[in-house]
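Participant:
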Amino acid sequence: MDEDKVWNAVASAAAIGAVTASKPLLERGWRVAFRSDPPGNPAHQDVSWREAILWALITGAVVGVIRLVAQRAAASAWHRVTGDYPEALAVTRP
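Mapped onto our numbering, the consecutive letters of the sequence shown carry residue numbers 90 to 183.
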């Protein structure tokens, strides 16, 4: 099997797992910080613009960081197993 395809599957699985695991963390953090439930659907007309934008900013940042951490952990595991980092990670700049 092509190494790039295997790496893409591993990185995708790590990202999906991280994003899935982050949802309860985000919801709990929102409840602690704002003493209310997070918006279930930020696009709904009953959710204020302020609340919807704040939710989008917070979730976007947290999910982005958690996804990065998961993919870097997957790359480290890949290195331990294969002795090399995935070729897809060889380029650091476009």
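Beta carbons: idealized from backbone N, C-alpha and C, even for Gly. Computed from a predicted model, the values in this text were never measured in an experiment.
1. Leaving aside the five residues before and after Tyr174 along the sequence, list all residues of the same chain whose C-beta is less than 7 Å from its C-beta, in chain order.
2. How should Trp138 be labelled, buried or exposed, when 16 other C-beta atoms within 10 angstroms of its C-beta is the threshold for buried?
3. Measuring straight from C-alpha to C-alpha, what distance separates Gly149 and Val170?
4. Just curious, the alpha helix (DSSP H) that Gln160 is in, first and last residue?
5. Cα separation between Ile105 and Gln134?
6. Are the CB atoms of Ala179 and Ala103 within a distance shorter than 8 Å?
7. Please go through the same chain and pick out, in chain order, the residues whose beta-carbon is closer than 7 Å to the beta-carbon of Val99, but skip the five residues on each side of it.
8. I need the DSSP call for Thr181, collapsed to helix, strand or coil.
Facilitator: This is what the structure holds:
1. What you label residue 174 is simply residue 85 of the sequence shown in a count that begins at 1. Here the set comprises Ala164, Trp167 and His168.
2. By 1-based counting over the sequence shown, the position of residue 138 is 49. Flag for Trp138 reads exposed.
3. Your numbering for residue 149 matches position 60 in the sequence shown. Your numbering for residue 170 matches position 81 in the sequence shown. Cα-Cα distance, rounded: 31 Å.
4. Position 71 of the sequence shown, counted from the first residue, corresponds to residue 160. That run of the alpha helix (DSSP H) goes Trp138 to Thr171.
5. Residue numbering aside, residue 105 sits at position 16 when the sequence shown is read from its first letter. Residue numbering aside, residue 134 sits at position 45 when the sequence shown is read from its first letter. Spanning the two alpha carbons is a distance of roughly 29 Å.
6. Sequence index remark: in the sequence shown, residue 103 carries index 14 (1-based). Sequence index remark: in the sequence shown, residue 179 carries index 90 (1-based). Contact flag unset, no.
7. The count along the sequence shown starts at 1 and reaches residue 99 at position 10. Here the set comprises Ala163 and Trp167.
8. For the purposes of this step, residue 181 is taken as residue 92 along the sequence shown, with counting starting at 1. DSSP places Thr181 in coil when its eight states are reduced to three.
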